[in-house]
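Presented below is the structure to which this report refers.
Protein chains: 2
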Amino acid sequence: MMKPVAPSFPASSHDHRHCMHEALRTAEHLCASQGVRLTAIRRRVLELIWRSHRPSGAYELLEQLAAEGHKPSPPTVYRALEFLLAHGLVHKINSRNAYVGCSHAGESHVAQIFICDRCSNTTEQADDAVERRIRRNARDLHFHIREQTVEIAGLCPRCAEQHDGA
Amino acid sequence: MMKPVAPSFPASSHDHRHCMHEALRTAEHLCASQGVRLTAIRRRVLELIWRSHRPSGAYELLEQLAAEGHKPSPPTVYRALEFLLAHGLVHKINSRNAYVGCSHAGESHVAQIFICDRCSNTTEQADDAVERRIRRNARDLHFHIREQTVEIAGLCPRCAEQHDGA
DNA sequence: TGCTACAGTGTTATTGTATAACATTGCCAT
DNA sequence: ATGGCAATGTTATACAATAACACTGTAGCA
Numbered sequence: 009m010m011k012p013v014a015p016s017f018p019a020s021s022h023d024h025r026h027c028m029h030e031a032l033r034t035a036e037h038l039c040a041s042q043g044v045r046l047t048a049i050r051r052r053v054l055e056l057i058w059r060s061h062r063p064s065g066a067y068e069l070l071e072q073l074a075a076e077g078h079k080p081s082p083p084t085v086y087r088a089l090e091f092l093l094a095h096g097l098v099h100k101i102n103s104r105n106a107y108v109g110c111s112h113a114g115e116s117h118v119a120q121i122f123i124c125d126r127c128s129n130t131t132e133q134a135d136d137a138v139e140r141r142i143r144r145n146a147r148d149l150h151f152h153i154r155e156q157t158v159e160i161a162g163l164c165p166r167c168a169e170q171h172d173g174a
Numbered sequence: 009m010m011k012p013v014a015p016s017f018p019a020s021s022h023d024h025r026h027c028m029h030e031a032l033r034t035a036e037h038l039c040a041s042q043g044v045r046l047t048a049i050r051r052r053v054l055e056l057i058w059r060s061h062r063p064s065g066a067y068e069l070l071e072q073l074a075a076e077g078h079k080p081s082p083p084t085v086y087r088a089l090e091f092l093l094a095h096g097l098v099h100k101i102n103s104r105n106a107y108v109g110c111s112h113a114g115e116s117h118v119a120q121i122f123i124c125d126r127c128s129n130t131t132e133q134a135d136d137a138v139e140r141r142i143r144r145n146a147r148d149l150h151f152h153i154r155e156q157t158v159e160i161a162g163l164c165p166r167c168a169e170q171h172d173g174a
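First to last, the protein sequences are chains A and B.
12 is the number that our numbering gives to position 4 of the first sequence; each next residue is one higher, with no gaps.
20 is the number that our numbering gives to position 12 of the second sequence; each next residue is one higher, with no gaps.
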């Protein structure tokens, strides 16, 4: 008995060319409106990250850049990542030491990120209820939040199905 | 105008000798009841981690072990950490690449961990409301959770006070 | 136009984190 | 005693991130 293929895990089935294009456009607008420069390297790194919804490691990005003739050194890529992080264009997935495009760039949100153990695809939510409850708990502790990091690992719908079948 | 010193961030003021002793006793009981061995190295690493509520890096632990004459190699420590993680005796703080003792060992919980940017002290909560809300969101995505990681960075009450004063 | 200041990038080297692969030891059940 | 297996030892290497300093190019301004 087959369930329908997951309609709800965005990475599963969508027009990724469009998705990526949107992200780049948004990035350009955001940088322009903030008076910061989306330079060639920064833009290229962002494009590479957006090639999929799987988090990319810094050295993976380095190799992809090398394959285009550039062959930059680690600091170059880390500086681009630092910029993209600072302007909310990508998220760092700490449990993977890797980076993924932010789906809510410019929206001032607190993200919860779901990561598939098997296919590595991710999806991002910004549920206020989670965020507020954590903020409330922090307040009770008299703790001053700078940043919330919520990462949920497990199986995406597609992979969970295959897993059940096996 | 001074607020009273944070009564609610546990790391601030408590009988740590007792706290640490309890943790070790619990670990022994848990291992015994599960028929697994809390060997000398594993126990030693756990003790070192419990010296404070600040997360310890693996190489930091290595140095502390070396100072006692042992001088083990990285895999030794990482294997001990792997064991302690697997049996719920410590948590890994991904945003720090470091490890901290679990305050709810044996209780089958999902932890939210608060980490102070300034003094590095941590405290752990297990709020079902946060956990359930995340589980609910996962269900809506048809995502099968294996593990939730919630890390909150910011200032603990004591450090926040000093910060305000400055 | 030319100067200055500073953001951005290049380069080299190093530090920090984690694991692969294989050898050895020691416990313990039969 | 011995065969099997968990635990540890050992060596080497992969992967992740940053320090420190040099160079370049662009924007603002005299």
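All C-beta atoms, glycine included, are put in the ideal place defined by N, C-alpha and C.
None of the values given here were measured: they were computed from a predicted structure.
Hey, is residue i's beta-carbon within less than 8 angstroms of any beta-carbon in chain B?
i	result
Asn-145(A)	yes
Ser-64(A)	no
Thr-131(A)	yes
Glu-90(A)	no
Leu-93(A)	no
Ser-103(A)	yes
Ala-168(A)	yes
His-150(A)	yes
Asp-23(A)	no
Gln-72(A)	no
Using the Cβ count rule (16 or more neighbours within 10 Å means buried), how would you classify residue i?
i	result
Arg-50(B)	buried
Pro-175(A)	In the structure displayed, chain A extends from 9 to 174; residue 175(A) sits before or after that span and is not available.
Ser-81(A)	exposed
Arg-45(B)	exposed
Ser-21(A)	exposed
Gly-109(B)	buried
His-37(A)	exposed
His-99(B)	buried
Ala-88(B)	buried
His-171(B)	exposed
Which first and last residues belong to the beta strand (DSSP E) in which residue i is found?
i	result
Glu-36(A)	Where Glu-36(A) is concerned, there is no enclosing beta strand (DSSP E), although the alpha helix (DSSP H) it sits in stretches over 24-42.
Arg-154(A)	152-163
His-99(B)	98-101
Val-108(A)	106-109
Phe-17(A)	Careful: Phe-17(A) lies outside any beta strand (DSSP E) and carries neither H nor E.
Cys-124(A)	120-124
Glu-132(B)	130-133
Determine whether the Cβ of residue i lies closer than 8 angstroms to any Cβ atom of chain A.
i	result
Val-138(B)	yes
Leu-163(B)	yes
Val-158(B)	yes
Arg-126(B)	no
Glu-155(B)	yes
Arg-141(B)	yes
Gln-42(B)	no
Could you tell me the boundaries of the alpha helix (DSSP H) in which residue i lies?
i	result
Phe-91(A)	82-94
Ala-137(A)	136-149
Ala-74(B)	66-74
Val-53(B)	48-57
Less than 8 angstroms between the C-beta atoms of residue i and residue j, yes or no?
i	j	result
Arg-126(B)	Leu-163(B)	yes
Ser-60(B)	Ala-106(B)	no
His-95(A)	Gln-42(A)	yes
Trp-58(A)	Ala-31(A)	yes
Thr-130(A)	Arg-25(A)	no
Ile-153(A)	Arg-143(A)	yes
Ser-116(B)	Glu-132(B)	no
Asn-102(B)	Asn-145(A)	no
Since residue i and residue j should fall inside the 8 angstroms C-beta cutoff, what is the C-beta to C-beta distance between them, to a whole number of angstroms?
i	j	result
Ile-121(A)	Glu-159(A)	5 angstroms
Leu-54(B)	Leu-92(B)	6 angstroms
Ala-161(A)	Ala-113(A)	Ala-161(A) to Ala-113(A), Cβ: 23 angstroms. No contact.
Gln-72(B)	Leu-97(B)	Actually they are not in contact, since the Cβ atoms of Gln-72(B) and Leu-97(B) sit about 18 angstroms apart, beyond 8 angstroms.
Ala-137(A)	Val-118(A)	That pair is no contact at about 11 angstroms.
Phe-151(A)	Pro-165(B)	7 angstroms
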